[in-house]
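Read through the structure below, which is laid out as structure tokens, and then see the notes.
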Amino acid sequence: MTSKGNRNALADAGTGVFLAHSALKASVYTAESNLELIEDPSAVTEAEERGAKIERRADEVLKQVKANVEETV
39 MTSKGNRNAL ADAGTGVFLA HSALKASVYT AESNLELIED PSAVTEAEER GAKIERRADE
99 VLKQVKANVE ETV
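Start counting the sequence shown at 39; every next residue gets the next number (our numbering).
What follows is the structure in structure tokens.
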């Protein structure tokens with residue numbers, strides 16, 4: 039949407055992505071804070087790795103959206 043969509047909707051699309059990114063980060067932090075309750079070390083490691091992968095991808099998407107918004111505005 040931010041790279042090919044309607045220019046008039048760009049701010050709305052960007053805002054949606056920023057809010058979704060924040061919600062994702064909060065969810066990952068919440069999940070990480072609960073990992074101490076899991077007794078299986080391999081499950082903890084897997085969850086940490088998945089969380090880190092999800093965060094990296096979300097950061098990449100946010101970076102691209104910011105670039106699209108800044109390029110267009």
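Backbone N, C-alpha and C define an ideal beta-carbon position, used for all residues, glycine too.
Bear in mind the structure is a predicted one, so any value in this text is a computation, not a measurement.
Alpha helix (DSSP H) segment containing residue i, residue limits
i	result
residue 50	48-72
For residue i, the three-state DSSP class (helix, strand or coil)
i	result
residue 97	helix
residue 77	coil
Spatial distance of residue i from residue j (CA atoms)
i	j	result
residue 61	residue 98	15 Å
residue 59	residue 79	28 Å
residue 104	residue 53	10 Å
residue 87	residue 70	11 Å
residue 95	residue 57	15 Å
residue 84	residue 101	26 Å
Buried versus exposed, by CB contacts within 10 Å (16 or more), residue i
i	result
residue 73	exposed
residue 106	buried
7 Å CB neighbourhood of residue i in its chain, flanking five on each side removed
i	result
residue 82	73, 76
residue 110	45, 48
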